[in-house]
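Engineer: Numbering (our numbering), first residue to last: 60 to 378.
In this text, a Cβ means the ideal position worked out from N, Cα and C, and glycines have one as well.
Remember, it's a predicted structure, so these values are computed and weren't measured experimentally.
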Amino acid sequence: MRIAAMSSFIPDLRIDAGEIVQAAGGRAVDARVFRQLFGIDCVAALPEDMSLRQAFLRLLSESTLLADEPAIDTLVYVHAFPVQHADGIDFPGELCRSHPALSQVERCYEVNQHNCGSAFWGLSLAKSLLDCGVATRVMLLIGDSFSQFPLGQRYIPGCTMMGDAFVALVVDDLPGGCQIEQLYLKHHPEFHGGLFGDEQQNREFFAAHHHMVIDALQALAFDTHRRQVILPHNINKLSWMNFARTIPETGACLDLALLPEIGHCCATDPFLLLQRYFDNQALPGEEAEAEDIALLSIGSGAYVGACHVHLSQSTNRIQ
């Protein structure tokens with residue numbers, strides 16, 4: 060499955076981690092400890108005058124998403140948390156009616172039951188639709204916003220802090236270019252409690268994090284001895300620092316560049332890093348930083364999603 064086009068939108072507004080911790084009832088010292096231990100200084104957030112709909116319309120305004128034929132005939136709207144818009148609103152349909160990039164969409168789907176791993180289930184749905192000939196070109200719109208909720212709800216004590224960010228991916232089944240060659244989806248039902256699990260369940264989930272990451276990378280045949288990088292979910296610095304201590308060769312392949320500045324942006328994290336990678340991609344004739352990339356996310360409730368992205372030597376710069 061080829062990535063034909065890609066765009067991302069990270070709002071310029073930043074909310075300080077200390078402000079969020081205190082809004083959740085924490086003290087200034089709690090904020091300092093959280094910042095130092097978990098490596099999140101602030102989070103990206105939509106401004107008060109920008110709605111979720113406006114955020115996605117801004118994303119759709121990227122001209123590269125409109126450039127190629129055939130037209131986009133299928134929309135998959137992906138968000139990590141089910142409550143993102145008012146009940147009864149056909150949000151994907153509203154987007155299709157609002158922008159010419161989606162004017163020829165014939166079918167819409169919504170994926171929102173796999174928490175921060177949801178984008179990989181969205182990719183799996185897109186692949187199934189392409190493989191069976193139901194769709195010719197699929198756009199995935201991925202993203203959550205917490206701006207409509209009380210500020211303190213961005214904070215998950217002892218774990219992470221939620222930011223807002225959005226990604227659009229256009230995929231088809233054409234050869235060449237940037238190919239998603241493998242998809243890995245796994246649910247560990249013993250951790251079904253997710254954010255609402257008790258203290259013991261949460262401890263067991265965090266203890267199993269490394270094993271779930273390794274299982275996913277092994278399924279993708281990830282090779283630390285080749286020029287490969289891992290673009291993971293931005294859960295927190297501590298988890299990945301402990302992972303790198305335990306498995307240093309694999310840990311050295313991690314890209315955590317966005318973590319301190321934008322927080323954990325739910326389902327979009329690995330794809331924001333992929334966009335950053337494309338933005339820094341070598342020009343034709345130059346040696347690429349890496350030809351194989353692993354994207355990985357473990358959502359609350361232990362929904363593990365991953366994929367292997369291969370860049371051929373002839374890959375054009377994806378905008």
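Within a Cβ cutoff of 6 angstroms, which residues of the same chain sit near A303, ignoring the five residues on either side of it in sequence?
Structural biologist: Sequence index remark: in the sequence shown, residue 303 carries index 244 (1-based). So the qualifying residues of the chain are G310.
Engineer: Does the beta-carbon of N339 have 16 or more other beta-carbons within 10 angstroms, so that it is buried, or is it exposed?
Structural biologist: Residue numbering aside, residue 339 sits at position 280 when the sequence shown is read from its first letter. By the 10 Å Cβ count, N339 comes out exposed.
Engineer: Quick one: Cα of R73 to Cα of V135, how far?
Structural biologist: By 1-based counting over the sequence shown, the position of residue 73 is 14. By 1-based counting over the sequence shown, the position of residue 135 is 76. Straight-line Cα distance between these residues: approximately 28 angstroms.
Engineer: Nearest CA to the CA of M65: which residue from D89, A365 and L333?
Structural biologist: In the sequence shown, the residue the question calls residue 65 occupies position 6. It is L333 whose Cα lies nearest to the Cα of M65.
Engineer: Compute the Euclidean distance between the alpha carbons of S359 and H292, then round it to the nearest angstrom.
Structural biologist: The residue given as residue 359 occupies position 300 in the sequence shown. The residue given as residue 292 occupies position 233 in the sequence shown. So the alpha carbons of these two residues sit roughly 11 angstroms apart.
Engineer: One question on the structure: do F150 and R117 come within less than 7 angstroms of each other, judged by their Cβ atoms?
Structural biologist: Taking the sequence shown and counting its residues from 1, the one referred to as residue 150 is at position 91. Taking the sequence shown and counting its residues from 1, the one referred to as residue 117 is at position 58. Contact: no.
Engineer: Looking at S177 and V137, is the spacing between their C-beta atoms short of 7 angstroms?
Structural biologist: To locate residue 137, count along the sequence shown from 1; it is residue 78. To locate residue 177, count along the sequence shown from 1; it is residue 118. The answer is yes: Cβ separation under 7 angstroms.
Engineer: Along the chain, where does the alpha helix (DSSP H) containing V92 start, and where does it finish?
Structural biologist: Taking the first residue of the sequence shown as 1, we reach residue 92 at position 33. Its alpha helix (DSSP H) spans residues A87 to F97.
Engineer: Please check the pair M221 and V102, which I expect to be a contact at CB under 8 angstroms, by giving their CB distance rounded to whole angstroms.
Structural biologist: Residue 221 sits at position 162 when you count from the first residue of the sequence shown. Residue 102 sits at position 43 when you count from the first residue of the sequence shown. Confirmed, about 7 angstroms.
Engineer: How would you call H284, buried or exposed, if buried means at least 16 neighbouring beta carbons within 10 angstroms?
Structural biologist: Counting from one through the sequence shown, the residue named residue 284 turns up at place 225. Classification for H284: exposed.
Engineer: For G202 and P141, what's the separation of their Cα atoms in angstroms?
Structural biologist: As a working note, residue 202 is residue 143 in the sequence shown. As a working note, residue 141 is residue 82 in the sequence shown. Going from the Cα of G202 to the Cα of P141 covers about 11 angstroms.
Engineer: Confirm, please, whether the CB-CB distance from Y362 to H246 is below 7 angstroms.
Structural biologist: Working through the sequence shown from its first residue, we reach residue 246 at position 187. Working through the sequence shown from its first residue, we reach residue 362 at position 303. Yes, the Cβ-Cβ distance between H246 and Y362 is below 7 angstroms.
Engineer: If you run the structure through DSSP and keep just helix, strand and coil, what is C312?
Structural biologist: Translated into positions along the sequence shown, residue 312 becomes position 253. Coil, per DSSP.
Engineer: DSSP three-state call for L188: helix, strand or coil?
Structural biologist: Looking up residue 188 in the sequence shown gives position 129. Residue state, collapsed to three classes: helix.
Engineer: Express the C-alpha separation of V288 and L313 in angstroms, rounding to a whole number.
Structural biologist: Residue mapping note: residue 313 aligns to position 254 of the sequence shown, counting from 1. Residue mapping note: residue 288 aligns to position 229 of the sequence shown, counting from 1. Their backbone Cα atoms lie some 6 angstroms apart in a straight line.
Engineer: E169 bridges to which residues according to DSSP?
Structural biologist: Translated into the one-based positions of the sequence shown, residue 169 becomes position 110. E169 is bridged to Y136.
Engineer: Rounded to the nearest angstrom, what separates Q113 and E308 at their Cα positions?
Structural biologist: Taking the first residue of the sequence shown as position 1, residue 113 is located at position 54. Taking the first residue of the sequence shown as position 1, residue 308 is located at position 249. Q113 and E308: Cα-Cα distance of roughly 42 angstroms.
Engineer: Excluding the 5 residues preceding and the 5 following D190 in the sequence, name in chain order all residues of the same chain whose CB lies nearer than 8 angstroms to its CB.
Structural biologist: Sequence index remark: in the sequence shown, residue 190 carries index 131 (1-based). Closer than 8 angstroms at the Cβ level, and outside the excluded window around D190, lie D232.
Engineer: Using only CA atoms, which one of Q277, I99 and E128 lies nearest to Q163?
Structural biologist: The count along the sequence shown starts at 1 and reaches residue 163 at position 104. The residue with the shortest Cα to Cα distance from Q163 is E128.
Engineer: Any idea which residues DSSP pairs L116 with across the strands?
Structural biologist: For the purposes of this step, residue 116 is taken as the residue at position 57 of the sequence shown. Answer by DSSP bridge pairing: none, since L116 is not bridged.
Engineer: With H, G and I counted as helix, E and B as strand and the rest as coil, what does DSSP make of L342?
Structural biologist: What you label residue 342 is simply residue 283 of the sequence shown in a count that begins at 1. Only weak support is given to the placement of L342: the predicted model assigns it a pLDDT of 46, under 50, and the value that follows is read from those uncertain coordinates. The answer is coil: DSSP assigns L342 none of H, G, I, E or B.
Engineer: Using CA coordinates, which residue listed in A280, S120 and R166 is at the minimum distance from A160?
Structural biologist: Counting from one through the sequence shown, the residue named residue 160 turns up at place 101. Of the candidates A280, S120 and R166, the one whose C-alpha sits nearest the C-alpha of A160 is S120.
Engineer: At what residues does the alpha helix (DSSP H) containing I273 begin and finish?
Structural biologist: Here residue 273 corresponds to residue number 214 of the sequence shown, with the count starting at 1. Segment E258 to A278, the alpha helix (DSSP H) holding I273.
Engineer: The alpha helix (DSSP H) with Q238 in it runs from where to where?
Structural biologist: Taking the sequence shown and counting its residues from 1, one reaches residue 238 at position 179. Q238 -> not in any alpha helix (DSSP H); beta strand (DSSP E) instead, spanning C237 to H246.
Engineer: R304 by DSSP, collapsed to three states: which one?
Structural biologist: Stepping through the sequence shown from its first residue, residue 304 is reached at position 245. Note: R304 maps to helix in three-state DSSP.
Engineer: Return the Cβ separation of I131 and M198 in integer angstroms, given the expectation that the two are a contact with Cβ distance under 8 angstroms.
Structural biologist: Here the question's residue 131 lines up with position 72 in the sequence shown. Here the question's residue 198 lines up with position 139 in the sequence shown. That belief holds up - the Cβ atoms of I131 and M198 are roughly 5 angstroms apart, short of 8 angstroms.
Engineer: Got a sec, what are the start and stop residues for the beta strand (DSSP E) F68 sits in?
Structural biologist: Mapped onto the sequence shown, residue 68 falls at position 9. R61 to F68 is the span of the beta strand (DSSP E), which, as asked, contains F68.
Engineer: With DSSP collapsed to three states, give me the class of S110.
Structural biologist: Looking up residue 110 in the sequence shown gives position 51. Coil.
Engineer: Alpha carbon to alpha carbon, how far is I273 from I306? Give it in angstroms, no decimals.
Structural biologist: As a working mapping, residue 306 is identified with position 247 in the sequence shown. As a working mapping, residue 273 is identified with position 214 in the sequence shown. If I take the Cα positions, the gap works out to 9 angstroms.
Engineer: Could you check the C-alpha separation between W299 and C218 for me, to the nearest Å?
Structural biologist: In the sequence shown, counting from the first residue as 1, residue 299 sits at position 240. In the sequence shown, counting from the first residue as 1, residue 218 sits at position 159. If you take the alpha carbons of W299 and C218, they lie about 12 angstroms apart.
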